[in-house]
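Position 143 of the sequence shown, counting from 1, maps to 159 under the numbering used here, and the rest follow consecutively.
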Amino acid sequence: MSSNAPRRPVRDLRFFLTVPHACSYLPDREATTLFLDPQESPVPGVYDSLSLLGFRRSGRHLYRPHCEGCNACRSVRIPVSHFSANRTQRKILRRNQDITMRVVPARFLPEHYALYADYIRLRHADGDMYPPSREQYRTFLTLNEPYAQLLEMYLGEELVAVAAFDQLEHGLSAIYTFFAVSDELDKRSLGTLAILKLIDLCHKKALPHLYLGYWIEECRKMRYKRAFSPIEILDGRHWRPLID
Numbered sequence: 017m018s019s020n021a022p023r024r025p026v027r028d029l030r031f032f033l034t035v036p037h038a039c040s041y042l043p044d045r046e047a048t049t050l051f052l053d054p055q056e057s058p059v060p061g062v063y064d065s066l067s068l069l070g071f072r073r074s075g076r077h078l079y080r081p082h083c084e085g086c087n088a089c090r091s092v093r094i095p096v097s098h099f100s101a102n103r104t105q106r107k108i109l110r111r112n113q114d115i116t117m118r119v120v121p122a123r124f125l126p127e128h129y130a131l132y133a134d135y136i137r138l139r140h141a142d143g144d145m146y147p148p149s150r151e152q153y154r155t156f157l158t159l160n161e162p163y164a165q166l167l168e169m170y171l172g173e174e175l176v177a178v179a180a181f182d183q184l185e186h187g188l189s190a191i192y193t194f195f196a197v198s199d200e201l202d203k204r205s206l207g208t209l210a211i212l213k214l215i216d217l218c219h220k221k222a223l224p225h226l227y228l229g230y231w232i233e234e235c236r237k238m239r240y241k242r243a244f245s246p247i248e249i250l251d252g253r254h255w256r257p258l259i260d
């Protein structure tokens, strides 16, 4: 994303709050979400500025949690120059040396959707993205913007994983990863591999950070993010190291 992109001050933007709804991560809690005005497209400059304040992208929408009396959702990022793969992550890299990759625009492809649909049915049938649909997939993960990209991962001729990410001026933002599910492929830890490869892509592009979205200490499904040490957390308007 070009650093020469026009910027609008955040104070000049309009935002909307959703009505309270069931929290997707913590049981028996309600959540509200702050959205950038849908009439404002997530253009460079605006997106760069808001991502530093903890906003994420879903389709054409930029959002962040804004829950009264709760700040459990914390934005986290990896300072890639300080990251060093641990023993387990090094094993995963060695185990997947036969995986090939390429980066493509975030366009709809039937092959991508078929992999996504299987992943949701097999891994997240209890979640709010089930049942999958083509429209849901298009709305969530496709976007005709230069910064929106997909990292494809192949084992031979077989597509085994796709990681959606955005290129910001100060890092890459990991949006969502989906992958093939089988006893044999599960041993490859493709979700972890995708993050490691995005870290590597940050290095190649000379970008300082990989944004991993939100981390909730009480949410078991998010604990994997702590394995990518060191990690930084957004505290108010400032990023600081997340220390145990």
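Just so it is clear, CB atoms sit at the ideal spot from N, CA and C, and this is done for glycine as well.
Only a predicted model underlies this, so the values are computations on that prediction, with no experimental measurement involved.
Pull the bridge partners of ILE259 from the DSSP assignment, please.
Here residue 259 refers to the residue found at position 243 of the sequence shown. Its beta-bridge partners do not exist; DSSP assigns none.
Of the residues ALA243, ILE108, THR48, the one placed nearest HIS37, counting alpha carbons only
Your numbering for residue 37 matches position 21 in the sequence shown. Comparing Cα-Cα distances from HIS37 to each of ALA243, ILE108, THR48, the minimum goes to THR48.
Through-space distance from ARG111 to GLN165, alpha-carbon basis:
Mapped onto the sequence shown, residue 165 falls at position 149. Mapped onto the sequence shown, residue 111 falls at position 95. C-alpha separation (whole angstroms): 25 Å.
Locate the beta strand (DSSP E) running through HIS225, then write down its first and last residues.
Along the sequence shown, read from residue 1 onward, the residue named residue 225 stands at position 209. Counting along the chain, the beta strand (DSSP E) containing HIS225 begins and ends at 225-231.
Does ALA179 pass the burial test, meaning 16 or more other C-beta atoms within 10 Å, or should it be called exposed?
Taking the sequence shown and counting its residues from 1, one reaches residue 179 at position 163. Its Cβ being crowded by 16 or more others within 10 Å, ALA179 is buried.
Quick one, which of GLN105, TYR135, TYR230, TRP255 has its alpha-carbon nearest HIS82's?
Numbered from 1 along the sequence shown, position 66 holds the residue referred to as residue 82. The shortest C-alpha separation from HIS82 is found at TYR230.
Own chain, CB closer than 6 Å to THR193, minus 5 neighbours either side, in chain order:
The sequence position of residue 193 within the sequence shown is 177, counting from 1. Cβ-Cβ distances below 6 Å link THR193 to ALA179, GLY207, ALA210 in the same chain, with the five nearest sequence neighbours on each side left out; the list follows chain order.
Run the CB neighbour count on ARG253, radius 10 Å, all protein chains shown included, and call it buried at 16 or more, exposed below.
Taking the first residue of the sequence shown as 1, we reach residue 253 at position 237. With fewer than 16 Cβ atoms within 10 Å of its Cβ, ARG253 is classed as exposed.
Where PRO95 falls: helix, strand or coil (DSSP):
One-based indexing of the sequence shown puts residue 95 at position 79. Strand, per DSSP.
By the three-class DSSP mapping on this structure, what secondary structure does MET17 have?
Numbered from 1 along the sequence shown, position 1 holds the residue referred to as residue 17. Because MET17 sits at a pLDDT of 49, beneath the cut-off of 50, its placement in the model cannot be relied upon, and the following sentence gives the value as read from the coordinates. Of the three classes helix, strand and coil, the one that applies to MET17 here is coil, per DSSP.
Run through DSSP, which three-state label would ARG253 get?
Indexing the sequence shown from 1 puts residue 253 at position 237. Looking at ARG253 - three-state DSSP - the assignment turns out to be coil, as it is neither helix nor strand.
Are the beta-carbon atoms belonging to LEU6 and LEU78 less than 7 Å from one another?
This structure leaves residue 6 out entirely; the chain is present only between 17 and 260.
Hey, would you say ALA190 sits closer than 7 Å to LEU223, going by beta carbons?
The sequence position of residue 190 within the sequence shown is 174, counting from 1. The sequence position of residue 223 within the sequence shown is 207, counting from 1. No; because the gap between Cβ atoms is not below 7 Å, this pair is not in contact.
For the stretch 54-96, list the alpha helix (DSSP H) runs that are entirely contained and at least 4 residues long, ordered along the chain.
The qualifying runs are 62-67.
Who pairs with LEU50 in a beta bridge, going by DSSP?
Start at 1 with the first residue of the sequence shown, and residue 50 comes out as number 34. Looking at the DSSP assignment, LEU50 forms a beta bridge with LEU33, ARG80.
Using 10 angstroms around the beta-carbon of SER19, count the other beta-carbons present and answer buried if the total reaches 16, otherwise exposed.
The count along the sequence shown starts at 1 and reaches residue 19 at position 3. In this prediction, SER19 has a pLDDT of 44, which is less than 50 and means its spatial position is unreliable; what the coordinates show is noted afterwards. Exposed, because fewer than 16 other Cβ atoms sit within 10 Å of the Cβ of SER19.
Among VAL26, ARG256, PRO54, ILE136, the one whose alpha carbon lies nearest that of LEU33
As a first step, residue 33 must be located in the sequence shown, where it is residue number 17. Nearest C-alpha to LEU33: PRO54.
By the three-class DSSP mapping on this structure, what secondary structure does ARG118 have?
Reading the sequence shown from its first residue, position 102 is the one you call residue 118. ARG118: strand per DSSP, three-state reduction.
Sequence-distant residues of its chain with Cβ nearer than 6 Å to ARG90 (five each side left out):
Numbered from its first residue, the sequence shown carries residue 90 at position 74. Excluding positions up to five away in sequence, the list reads TRP231, ILE249.
Please give the ranges of any beta strand (DSSP E) in the stretch 102-146, keeping only runs that are unbroken, at least 3 residues long and fully inside the region.
115-121
Can you give me the C-alpha to C-alpha distance between MET238 and ARG30, rounded to a whole angstrom?
The count along the sequence shown starts at 1 and reaches residue 238 at position 222. The count along the sequence shown starts at 1 and reaches residue 30 at position 14. Per the coordinates, the alpha-carbon of MET238 lies some 30 Å from the alpha-carbon of ARG30.
Whole angstroms is fine: what's the gap from VAL59's alpha carbon to LEU159's?
Numbered from its first residue, the sequence shown carries residue 59 at position 43. Numbered from its first residue, the sequence shown carries residue 159 at position 143. Rounded to whole angstroms, the gap between the alpha carbons of VAL59 and LEU159 is 12 Å.
What is the DSSP secondary structure of ILE191, reduced to helix, strand or coil?
Here residue 191 is taken as the residue at index 175 of the sequence shown, counted from 1. ILE191: strand per DSSP, three-state reduction.
State the DSSP-derived secondary structure class of GLU174, mapped to helix, strand or coil.
As a first step, residue 174 must be located in the sequence shown, where it is residue number 158. Three-state DSSP puts GLU174 in a strand.
Start and end of the alpha helix (DSSP H) containing CYS218?
As a position in the sequence shown, residue 218 is number 202, starting the count at 1. Start and end: 206-221.
Excluding sequence positions up to five away, which residues of its chain have a Cβ less than 7 Å from the Cβ of PHE124?
Taking the first residue of the sequence shown as position 1, residue 124 is located at position 108. Contacts found: ARG154, THR158.
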